[in-house]
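Engineer: Numbering (the numbering used here), first residue to last: 2 to 113.
#1: Rounded to the nearest angstrom, what separates residue 21 and residue 60 at their Cα positions?
#2: Less than 7 Å between the C-beta atoms of residue 104 and residue 48, yes or no?
#3: Can you tell me the Cα-Cα spacing of residue 15 and residue 51, whole angstroms?
#4: The alpha helix (DSSP H) spanning residue 63 covers which residue range?
#5: Quick one: using the 10 Å Cβ neighbour count with 16 as the cut-off for buried, is residue 94 buried or exposed?
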């Protein structure tokens, strides 16, 4: 499970960078450093939770779990923006699914 966690955290960090770039572009490069850091950190937390040592399940349920975890964690960030950054909220759900999809690929089942 150490490998699963490592891959998920790196994936969360990389997806966080994508999210930060998107936030900067949407804001016209005026997003505050605190906003950008908290958005990136939120993606790290998604990676941490998705990468936890969950029990084995079918891929469809794993993808649903990733989406649900992404929703729950992104909602914390979304509510802190006074429900203004809906794009980042939806992206967090998709990132949870993407991370879980990457981690639950058939090739990775032998590794984790």
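Note that beta-carbon positions come from the ideal geometry of N, C-alpha and C, so glycine has one too.
Structural biologist: With the structure as the only source:
#1: Roughly 29 Å separates the two Cα atoms.
#2: Cβ distance not < 7 Å, so residue 104 and residue 48 don't count as in contact.
#3: Linking residue 15 to residue 51 through their CA atoms gives a straight-line distance of about 14 Å.
#4: Run containing residue 63: 60 to 81, per the alpha helix (DSSP H) assignment.
#5: So residue 94 ends up on the buried side.
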